[in-house]
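Written out below as structure tokens is the structure these notes cover.
If you want it as structure tokens, here you go:
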């Protein structure tokens, strides 16, 4: 398959709406090389590419929400928002400006964004973001969340710098005892009832509440950037490979003849899993991996 985007662009983020509709944020390589902030929002819709919008800020996360209305939400570190559904585009801003947003996800249909200074925001309406930060004392610095996920709006987990793990119970945030002080980059509240956390230097943590176990994988030291649960299996990604985690350990995903040189992010909708790297996009229907870009 001839590349449509990757000769001139880098894939940054993605979010699947259906098994044949996925949104992406891409950056131009030439603008990226001279540090010009920008993102281009594109869609892969039933086998065709469409360009939707160009903004003058860097997209650091995107998700599809169902509440209060079904739409795509994209966000910058500074809290700039671009939304899209059915050809309708809107912009929003989180105010006051956040310290530094690191990621965004969907929990029970709503968008939740997290970032530095342990900041957390919930999108409760059109251009309406509620503040629900974890505590931060005046003498604390370099504290913050890199990722957030939840089983429900009454059971949310956020992870980040210093190996911190926090749990929100619907009324307050409680810090858990973490088995590491390395930066934690991603968290998954899986359908099997467990929370899976990934981080720097191959860190993998499994648990829930205040019970956490560090999973030691021999000779595995790659930084982990995303987790997902697909068809009964736990997948996680590094910058250049995709793995399955089970009771026997870690195994690399077999892409067969064609395989990605870049990975990084995972997204899924309906019965399809997507692997998104800066220069590779693959879809998986449970049987076959297919290169999209």
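Numbering (this note's numbering), first residue to last: 400 to 692. Glycine is no exception: its CB is placed at the ideal position from the N, C-alpha and C atoms. Given the structure is predicted, the values throughout are model-derived calculations rather than measurements.
Item to check | Under the three-state DSSP convention, the category residue 562 falls into | outcome: Numbered from 1 along the chain shown, position 163 holds the residue referred to as residue 562. The answer is helix: DSSP assigns residue 562 an H, G or I state.
Checklist entry - Taking contact to mean at least 3 C-beta pairs separated by less than 8 Å, is the region 612-623 in contact with the region 658-665? => result no
Next on the checklist: At 3 residues or longer, what runs of the beta strand (DSSP E) sit wholly inside the region 459-518?
Outcome noted: 470-475, 479-484, 487-492, 500-506, 509-514
Item to check | Residues of its chain near residue 408, where Cβ-Cβ distance is below 8 Å and the 5 sequence neighbours each way are ignored | outcome: Counting from one through the chain shown, the residue named residue 408 turns up at place 9. Cβ neighbours of residue 408 beyond the five flanking positions: 425, 426, 427, 428, 439.
Checklist entry - Any heavy atom of the ligand ZN closer than 6 Å to the CB of residue 528? => result For the ligand ZN, the structure offers nothing, since it holds no ligand at all.
Item to check | Rounded C-alpha distance that separates residue 533 from residue 654 | outcome: On the chain shown, position 134 is the one that residue 533 refers to. On the chain shown, position 255 is the one that residue 654 refers to. About 41 Å.
Checklist entry - Quick one: what's residue 553 bridged to in DSSP? => result Locating residue 553 in the chain shown gives position 154, counting from the first residue. Residue 553 is not bridged to any residue.
Checklist entry - Name the DSSP beta bridge partners of residue 447, please? => result Position 48 of the chain shown, counting from 1, holds the residue named residue 447. Residue 447 is bridged to 444.
Item to check | Residue from 611, 667, 610, 639 whose Cα sits closest to the Cα of residue 633 | outcome: Taking the chain shown and counting its residues from 1, one reaches residue 633 at position 234. Ranking the options by Cα distance to residue 633, first place goes to 667.
Next on the checklist: Please list the terminal residues of the continuous beta strand (DSSP E) segment that includes residue 575.
Outcome noted: Counted from its first residue, the chain shown places residue 575 at position 176. Run containing residue 575: none; DSSP gives neither H nor E here.
Next on the checklist: By the three-class DSSP mapping on this structure, what secondary structure does residue 431 have?
Outcome noted: Position 32 of the chain shown holds residue 431. Three-state DSSP puts residue 431 in a helix.
Checklist entry - Residues in its own chain within less than 6 Å of residue 529 by CB, not counting five upstream and five downstream? => result Within the chain shown, residue 529 is the residue found at index 130, counting from 1. Once the five neighbours on either side are set aside, the close Cβ partners of residue 529 are 521, 523.
Checklist entry - Do the CB positions of residue 416 and residue 463 come within less than 7 Å of each other? => result The sequence position of residue 416 within the chain shown is 17, counting from 1. The sequence position of residue 463 within the chain shown is 64, counting from 1. Taking 7 Å as the Cβ cut-off, residue 416 and residue 463 qualify as a contacting pair.
Next on the checklist: My output table needs one value for residue 600: the three-state DSSP class, helix, strand or coil.
Outcome noted: By 1-based counting over the chain shown, the position of residue 600 is 201. Looking at residue 600 - three-state DSSP - the assignment turns out to be helix.
Checklist entry - With 16 as the cutoff for other CB atoms within 10 Å, does residue 590 come out buried or exposed? => result Taking the first residue of the chain shown as 1, we reach residue 590 at position 191. Exposed.
Checklist entry - Tell me which same chain residues have a C-beta within less than 6 Å of the C-beta of residue 672, skipping the five on either side of it? => result Mapped onto the chain shown, residue 672 falls at position 273. The residues are 629, 683.
Checklist entry - What residue range is occupied by the uninterrupted beta strand (DSSP E) comprising residue 649? => result Counted from its first residue, the chain shown places residue 649 at position 250. Unbroken beta strand (DSSP E) run through residue 649: 648-651.
Checklist entry - Which value, in whole angstroms, describes the spacing of the CA atoms of residue 496 and residue 686? => result The sequence position of residue 496 within the chain shown is 97, counting from 1. The sequence position of residue 686 within the chain shown is 287, counting from 1. Whole-angstrom Cα-Cα distance: 44 Å.
Next on the checklist: Along the chain, where does the beta strand (DSSP E) containing residue 636 start, and where does it finish?
Outcome noted: Against the chain shown, residue 636 aligns to sequence position 237. From DSSP, the beta strand (DSSP E) with residue 636 extends over 632-636.
Checklist entry - Where does residue 533 sit, in a helix, a strand or coil, going by DSSP? => result Along the chain shown, one-based indexing puts residue 533 at 134. In this structure, residue 533 counts as coil in the three-state DSSP scheme.
Next on the checklist: Which same chain residues end up closer than 8 Å to residue 455 when comparing Cβ atoms and leaving out the 5 residues on each side of it in sequence?
Outcome noted: For the purposes of this step, residue 455 is taken as the residue at position 56 of the chain shown. Answer for residue 455: 436, 437, listed in chain order.
Checklist entry - Would you report the Cα separation of residue 581 and residue 611, rounded to the nearest angstrom? => result Taking the first residue of the chain shown as 1, we reach residue 581 at position 182. Taking the first residue of the chain shown as 1, we reach residue 611 at position 212. Spanning the two alpha carbons is a distance of roughly 15 Å.
Item to check | Close-in-space but distant-in-sequence residues of the same chain around residue 467 (CB under 6 Å, 5 per side omitted) | outcome: Within the chain shown, numbered from 1, the residue matching residue 467 stands at position 68. Cβ within range, chain order: 524.
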